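Worksheet: one structure, shown below.
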Amino acid sequence: MVLHLLSQMFSPELADKVAHFAEYEPIKSSSHDPFVTNVKGFKHQIDNCQPETPVNSLKVGLLLYDNFELFDTFGPLEMFACANRTYANGSLFSLITLAETRYVRASKGPQFEVSHPYFLNDQTEDILDILFIPGGIGTIREVNNEKLLKWVKIAAEKATLVFTVCSGSAILAKAGSLDGKQATTNKLMFHEMTRYGPHVDWQQNARFVIDGKFHTSSGVAAGTDLALEIIARRVSQNFADVVARRAEFVRIKAPENDPFAADVPPKTFFRRAVVAISGVATDAIFNVGFKLGFRMKTSHFLKNII
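Residue 16 in UniProt numbering sits at position 16 of the sequence shown, with consecutive numbering throughout.
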């Protein structure tokens with residue numbers, strides 16, 4: 001609906017660019033709703049998708065930082081919430097939110113209060129089953145945050161499952177947790193993000209990648225597809241399909257086939273030079289800031305430096 005409004009208020013081209021940025025395939029026909037069958041008989045689908053044996057609940061630790069991406073975060077969380085509502089025997093997922101400060105602000109969005117602020121020194125990593133790291137423009141700051149990276153490394157080792165969306169993969173890669181593993185990340189910023197994991201086997205064409213307990217997705221909306229795959233592997237594909245239908249979300253199931261893979265910019269000499277120079281410059285600025293104890297926000301940096 002929002003993309004339709006953008007198309008009407010501005011232009012179809014702008015709406016298409018927004019959809020590509022979010023790596024989301026919209027339904028453009030207002031007269032065709034693939035979920036119209038939900039009106040009748042959906043209760044029967046819920047009853048028939050229940051697992052034969054109980055499934056234990058997992059605690060999700062959502063790592064937040066200034067300028068995280070909203071869709072990266074709340075798309076997957078909505079699927080986990082829908083899974084809880086669909087499951088007949090309690091909750092499949094519980095959530096805690098983690099940040100270095102009490103409040104964090106989303107990229108171009110609202111401010112949130114977290115449940116576990118100042119978490120780096122309280123051994124929060126010991127109580128997590130799933131470590132969830134969304135992406136966002138704030139990534140370019142956090143890949144230089146040595147204290148956070150050390151915590152991520154330990155938490156990833158202890159977690160049962162590690163889940164990243166978009167440029168969140170760069171944080172996990174910079175921490176060293178993805179060395180020797182397959183992974184993917186945002187397509188529009190593919191080269192900028194993959195430079196933080198030189199020992200990672202980056203999959204350019206993948207919608208999402210599962211390598212052992214490490215689950216990484218491409219940009220933005222791809223994280224919602226991966227969340228549904230996590231649900232499918234915990235319960236069943238049928239259960240995940242019912243969850244997607246409940247959320248009225250058209251799911252992309254094929255992990256190896258990202259429809260937005262063509263958005264990865266060609267790796268020309270000029271592109272490599274720009275990525276290298278801009279990367280060195282931003283890393284140097286944020287590294288100096290951390291060493292001086294100055295918490296420069298990414299939004300301030302982008303507004304005043306770039």
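Just so you know, even glycine gets a beta-carbon here, dropped at the ideal spot from N, CA and C.
It should be emphasised that the depicted structure is a prediction, and the values quoted were computed from it without experimental measurement.
Judged by DSSP in its simplified three-state form, Thr-184 adopts coil rather than helix or strand. Taking the Cβ atoms as the reference, Val-18 lies roughly 6 angstroms from Leu-3, within the contact range of under 8 angstroms.
Nearest in C-alpha terms to Ala-175, of all of Phe-93, Asn-67 and Asn-144, is Asn-144.
Taking C-beta atoms under 8 angstroms as the contact rule, Val-152 and Ile-137 fail to qualify, at a distance of about 18 angstroms.
Under the three-pair Cβ rule at 8 angstroms, the segment 249-265 counts as touching the segment 200-213. Here the alpha carbon of Glu-142 sits roughly 43 angstroms from the alpha carbon of Val-36. Ser-217: member of the beta strand (DSSP E) spanning 214-217, first to last residue.
Contact annotation, Gln-111 with Tyr-103: C-beta distance approximately 5 angstroms; criterion of less than 8 angstroms satisfied.
Gly-279 sits in a helix when the DSSP states are folded into three classes. Each of Gly-75, Glu-125 and Leu-70 was checked against the Cα of Val-250, and the nearest Cα belongs to Gly-75. In the three-state reduction of the DSSP assignment, Gly-61 falls in the strand class. The three-state secondary structure of Asp-47, taken from DSSP, is helix. Unbroken beta strand (DSSP E) stretches of 3 residues or longer found wholly inside the segment 52-137: 58-63, 93-99, 103-105, 111-113 and 130-133, given in chain order. At a Cβ-Cβ threshold of 7 angstroms, Asp-72 and Gly-223 count as neighbours. Straight through space, the alpha carbons of Ala-156 and Ala-22 are spaced by roughly 26 angstroms. Asn-186 is classed as buried because its beta carbon has at least 16 other beta carbons within 10 Å across all chains shown.
Pairing Phe-132 with Leu-62 gives a Cβ-Cβ distance under 7 angstroms.
By the beta-carbon neighbour count (other beta carbons within 10 angstroms, threshold 16), Lys-181 is buried.
Excluding five sequence positions before and after Cys-82, the CB atoms of its chain that fall closer than 6 angstroms to its own CB belong to Val-243, Arg-246 and Ala-247, given in chain order. The beta carbon of Gly-109 is closer than 8 angstroms to those of Leu-70 in its chain, skipping five residues each way along the sequence.
Look at the beta carbons and you see the segment 91-105 not touching the segment 30-44: under three pairs across the two are nearer than 8 angstroms. Excluding sequence positions up to five before and after Met-189, its CB lies within less than 7 angstroms of the CB of Ser-167, all in the same chain and listed in chain order. DSSP places Phe-163 in the strand class (E or B) of the three-state scheme.
Excluding residues up to 5 positions away in sequence, Ile-96 and Thr-97 lie with their Cβ nearer than 6 angstroms to the Cβ of Ser-115 in the same chain. In its chain, beyond the 5 residues on either side, Gln-50 have a beta carbon closer than 7 angstroms to the beta carbon of Ala-88. Contact check for Glu-125 against Ile-154 passes: the beta carbons are separated by less than 7 angstroms. In this structure His-44 is exposed. Its beta-carbon is surrounded by fewer than 16 other beta-carbon atoms within 10 angstroms.
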